[in-house]
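In my numbering, the protein residues as written are 1034 to 1189.
We put the beta carbon where it would ideally sit given N, CA and C, even for glycine.
Down below is the structure, laid out as structure tokens.
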Amino acid sequence: MRSAVILGAIAVTTEYWEESQADGTRESGCRVQLRRVRTFPAPVPPPVPRRDAVFWAIEEPLWRADLFSEVGGGAPFDAAHYHPTFIGLTPCARVADAAIQQDPFAWISSRLADVPAMLAEAGHADLVRSLDQDGLRQVMPAILANVRATLAYRPG
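Shown next as structure tokens:
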């Protein structure tokens, strides 16, 4: 299960994720990321110039929250954490915040309420200018619905 909402040079993505740690611990849950978006012209120009003759690619992560639970663990969201910065595709060390484990939806909702601050924290304040702030406010209910659906998702 994956979703993406693209706003200018960034996308807010949500996806169900499973991973194993070096010690054999398995974690799963909702991954929420801010990712860079690049646009490029269509390889073959359309017969009539059109705005939709542009391709876009969702590229490297800029900021990530892993709203995870340990498989077989004792408490929901006991493995929840976030990565405020990346070097290329490599995230920084996990950052814990007790508020994530207590109420991950409230925590990510409060973070997404200020995407410019998230970009600044990630070291990408230059992308704030490309954000359509009004568009972001309008689409935030859909982004949060994607997060809620992914938090509830359990593969068959």
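E1060 counts as buried, since no fewer than 16 other beta carbons sit within 10 angstroms of its beta carbon.
Shown here, R1069 sits in a strand according to DSSP, grouped into three states.
Taking the Cα positions, V1070 is about 11 Å away from S1163. In the same chain as P1149, and ignoring 5 residues on each side of it, the C-beta atoms closer than 6 Å to its own belong to V1161, in chain order. Taken through DSSP and simplified to helix, strand or coil, D1159 comes out as helix.
In the DSSP assignment, V1038 is bridged to V1045.
Annotated three-state conformation of L1152 is helix, per DSSP. Contact annotation: Y1115 and D1136 have beta-carbon atoms that are not nearer than 8 Å. Linking V1081 to A1113 through their CA atoms gives a straight-line distance of about 49 Å. If only complete runs of 4 or more residues are kept, the stretch 1094-1138 shows the alpha helix (DSSP H) at 1131-1135, in order along the chain.
In this structure, the CA atom of G1106 is about 13 Å from the CA atom of Q1134.
Within its own chain, the residues whose Cβ lies closer than 6 Å to the Cβ of N1179, once the five positions on either side in sequence are excluded, are S1036 and T1047, listed in chain order.
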